[in-house]
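Comments concern the structure below.
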Amino acid sequence: MQHLDPDRLVLLAFSDSPADDEAVHLSECAGCRAEIDALKHVTELGSETQELRDLPPPPDRVWTGIAAEVAKAEAAPAPVVDLTAVRRSGRRRMPRWAGPVVSAAAAAVLAVAGTVTVIRWMDRPAAPDVTASATLEPLKGVPDTARGDARVLSGAALEVDVRNLPLTPGHYEIWLIDPEDITKMQAIGAVPQGTDAVQLPIPPGTDLNRYRLVDVSAEPNDGNSAHSGNSLLRGTLTS
Ligand SMILES: [Zn+2]
7 MQHLDPDRLV
17 LLAFSDSPAD
27 DEAVHLSECA
37 GCRAEIDALK
47 HVTELGSETQ
57 ELRDLPPPPD
67 RVWTGIAAEV
77 AKAEAAPAPV
87 VDLTAVRRSG
97 RRRMPRWAGP
107 VVSAAAAAVL
117 AVAGTVTVIR
127 WMDRPAAPDV
137 TASATLEPLK
147 GVPDTARGDA
157 RVLSGAALEV
167 DVRNLPLTPG
177 HYEIWLIDPE
187 DITKMQAIGA
197 VPQGTDAVQL
207 PIPPGTDLNR
217 YRLVDVSAEP
227 NDGNSAHSGN
237 SLLRGTLTS
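Below, the structure written as structure tokens:
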């Protein structure tokens, strides 16, 4: 799915109304909506410094877009306004500094959010213990660019990253399976369309020495909670 440009996300978070095609995308893409919400949250928190440390960092591609916007603004020559020319022409012209003003807004977000990131980085609790991990490989019939990684965090949560999964009309589901008896499995949770990474709690009491095969399946949204049989990626957890 083609996401909205990061600089559009910034403007939409500030003031702009989405164009028709953008509104259609936003209605379908939880990822872009979440990023706009996160950016709005950043601007709202600009004056509430006590809360800054609770702010989640914006997603990387938003950062990349803001950084690019700021770099562009810095590279552009400072706007020169020829007042005599303006007076002579006797009419208002589209201000040439409209672009830099927008960039300044992006820079303000960057400054506020940058502070937040630094605070978070200094404040960050120790990285969670990765107690096991697995490389997820595509199964037969799945495009061989499809990939994933799974990590067990402190034995309590499963973090899964997926890339290049074939599109599905439903959703992707993460399972832990007993490789000795693959009818024994535990549904861990869904990866919503448009999402690349999820962190899901592992049900307490799950024996990870037994349920060590990580499986990512395509599931139709048919209300049937059983495995569809359409596995896309698999990998075995090792400590
Ligand atoms: Zn999107």
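The sequence shown: position 133 = 139 (the numbering used here), numbered continuously.
Using N, Cα and C, we set each Cβ at its ideal position, and we do this for glycine too.
All values reported here derive from a predicted model rather than from experimental measurement.
Notebook entry, point to check: Cβ-heavy atom distance between Leu4 and ligand 1 below 7 Å?
Noted result: Outside the displayed range of the chain (7 to 245) lies residue 4, so it cannot be described from this structure.
Notebook entry, point to check: Can you round the beta-carbon distance between Thr242 and Ser139 to whole angstroms, since I take them to be within the 8 Å contact cut?
Noted result: About 10 Å; that fails the 8 Å criterion.
Next item on the list: Taking only heavy atoms of ligand 1 into account, decide whether any of them is closer than 7 Å to the Cβ of His31.
Entry: yes
Note to self: Can you tell me where the alpha helix (DSSP H) holding Arg14 begins and where it ends?
What the structure shows: Pro12 to Phe20
Check: Alpha carbon to alpha carbon, how far is Leu58 from Pro185?
Finding: At Leu58 the pLDDT is 47, less than 50, meaning the model places this residue with poor confidence; the figure from the coordinates comes in the next sentence. Distance between the alpha carbons of Leu58 and Pro185: 45 Å.
Checklist line | Where Ser231 falls: helix, strand or coil (DSSP) | finding: coil
Notebook entry, point to check: Is the closest heavy atom of ligand 1 to the C-beta of Gly200 under 7 Å?
Noted result: yes
Check: Taking Cβ to Cβ, would you say Leu45 is nearer than 8 Å to Arg39?
Finding: no
Item checked: Exposure label - Arg240; buried when at least 16 CB within 10 Å -> buried
Margin query: Between the alpha carbons of Asp221 and Leu145, how many angstroms are there, rounded?
Written below: 10 Å
Notebook entry, point to check: If you check the beta carbons only, do Val168 and Val136 fall under 8 Å apart?
Noted result: no
Note to self: Suppose contacts are defined by Cβ-Cβ distances below 8 Å. Is Glu165 in contact with Glu225 by that definition?
What the structure shows: no
Check: Which two residues bound the contiguous beta strand (DSSP E) that contains His177?
Finding: His177 to Ile183
Notebook entry, point to check: So is the beta-carbon of Gly161 under 7 Å away from any non-hydrogen atom of ligand 3?
Noted result: This structure lacks ligand 3; the ligands present are ligand 1.
Check: Val176: beta carbon under 7 Å from a heavy atom of ligand 1?
Finding: A small fix is needed here, since residue 176 is Gly in this sequence, not Val. For ligand 1, not one heavy atom lies less than 7 Å from the Cβ of Gly176.
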